[in-house]
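In the numbering used here, the protein residues as written are 526 to 896.
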């Protein structure tokens, strides 16, 4: 079985790593990096750290508007599909790379009338906010896919409501696989800055509406004024705004360069609180047993809200500041249910792909045609 896996952003590298390792034990994988994250610190170093093979293809699309990025991936991915003629295409998450790969895959038809099957990892996740580009991407990917691989019971409920239950399977969250794998390797990744400030707060901001405008980014930083050290790994777009506007953060906020996955997990596990606008970091905070403030009005990971482990503080800096003022830095007493799986999602995914391949009528041998 030849599977073409498409990734393009840091969260997808983390999700793909355990699946790639499991898949390559018995099958052939063609790993395609769209280049959506073009900074080496955000991309290239991750493959080595996560013990993944280097991508066979890098589309090098770089940063662009949603429309331009999606169109560029579509245009550059088609000849890759024609060259490698995979049995199936594996999609991850909810980025523009996910959307473009789904559309490109569904448009490829082989001369005998067959086509590669599509499978979507992390399917069924919904925030029910149509303003989010990620919501558009994940919904389209689910509805185009032949197999939707759901991480949680909640995701499966969403898929049933949308009439996709018959081609869906609950496999668990591959983020758990990666987190468990990383926990055994974090000791060497701890930062001196973190050791110097026990009880620190870890913050991540990356969404354009939070970091692209200097006035708004400055307001978020002001909201983080507290008697605790705040460690904030700077996403490239955050760093660009800081440099462009000459912003000076509060004295307690320490910006650091982007960190690798192992260092990020080490920072999460030792933090007293995590502030984020990231879906992945919400789950990692939950897995680490660290309270989380999410600067959103809604979350696609509603499971993290149970027991007070994750709190939605809204989309205004004033909401975050108020939450910090009222926070006693005590951990919730409610137990954390094992809602995201047992760390063996990758093996289940490969088994589901094998079953899909066995019942598929796809015959990729021979030339392919593009519609």
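Note that beta-carbon positions come from the ideal geometry of N, C-alpha and C, so glycine has one too.
Compare the beta carbon distance of residue i and residue j with 8 Å and say whether it is the shorter of the two.
i: residue 531; j: residue 559; result: yes
i: residue 537; j: residue 618; result: yes
i: residue 812; j: residue 646; result: no
i: residue 768; j: residue 782; result: no
i: residue 837; j: residue 751; result: no
i: residue 674; j: residue 696; result: yes
i: residue 795; j: residue 719; result: yes
i: residue 614; j: residue 529; result: yes
Counting only the same chain and skipping the five closest in sequence on each side, list residues whose C-beta sits under 6 Å from that of residue i.
i: residue 722; result: 754
i: residue 726; result: 753, 755 and 798
i: residue 832; result: 857 and 859
i: residue 577; result: 542 and 545
i: residue 728; result: 755, 757 and 800
i: residue 527; result: 553, 611 and 612
i: residue 874; result: 544, 674 and 696
i: residue 780; result: 757 and 759
Looking only at DSSP bridge pairs, what is residue i linked to?
i: residue 548; result: BP columns for residue 548 are empty, so no partner.
i: residue 558; result: 532 and 583
i: residue 553; result: 527
i: residue 617; result: 646
i: residue 800; result: 728 and 818
i: residue 899; result: Given that the chain is displayed from residue 526 to residue 896, the structure contains no residue 899 and the question cannot be resolved.
i: residue 835; result: 817
Ignore the nearest five residues each way along the sequence and tell me which others in residue i's own chain have a CB closer than 7 Å to its CB.
i: residue 671; result: 642, 643, 644, 692 and 881
i: residue 737; result: 762 and 766
i: residue 807; result: 801, 817, 819, 824, 826, 829 and 835
Grab me the residues of residue i's own chain with a C-beta within less than 8 Å of its C-beta, minus the 5 sequence neighbours each way, in chain order.
i: residue 703; result: 539, 540, 542, 543, 575 and 786
i: residue 828; result: 677, 679, 811, 862, 864 and 865
i: residue 839; result: 820, 821, 822 and 845
i: residue 602; result: 531, 557, 559, 584, 625, 626 and 629
Since residue i contacts residue j with CB under 8 Å, what's their CB separation in whole angstroms?
i: residue 684; j: residue 667; result: 7 Å
i: residue 734; j: residue 870; result: At roughly 31 Å, the Cβ-Cβ gap does not stay under 8 Å, so residue 734 and residue 870 are not in contact.
i: residue 778; j: residue 757; result: 6 Å
i: residue 628; j: residue 599; result: 6 Å
Alpha carbon to alpha carbon, how far is residue i from residue j?
i: residue 571; j: residue 635; result: 34 Å
i: residue 555; j: residue 639; result: 20 Å
i: residue 894; j: residue 826; result: Note that residue 894 has pLDDT 46, beneath the 50 cutoff, so the model's placement of it is unreliable and the number below is only indicative. Spanning the two alpha carbons is a distance of roughly 39 Å.
i: residue 652; j: residue 561; result: 23 Å
i: residue 868; j: residue 620; result: 23 Å
i: residue 896; j: residue 612; result: Bear in mind that the predicted position of residue 896 carries a pLDDT of just 43, short of 50, making it too unreliable to give a figure here.
i: residue 623; j: residue 616; result: 6 Å
i: residue 548; j: residue 771; result: 47 Å
i: residue 663; j: residue 809; result: 20 Å
i: residue 746; j: residue 776; result: 10 Å
i: residue 579; j: residue 744; result: 40 Å
i: residue 581; j: residue 656; result: 34 Å
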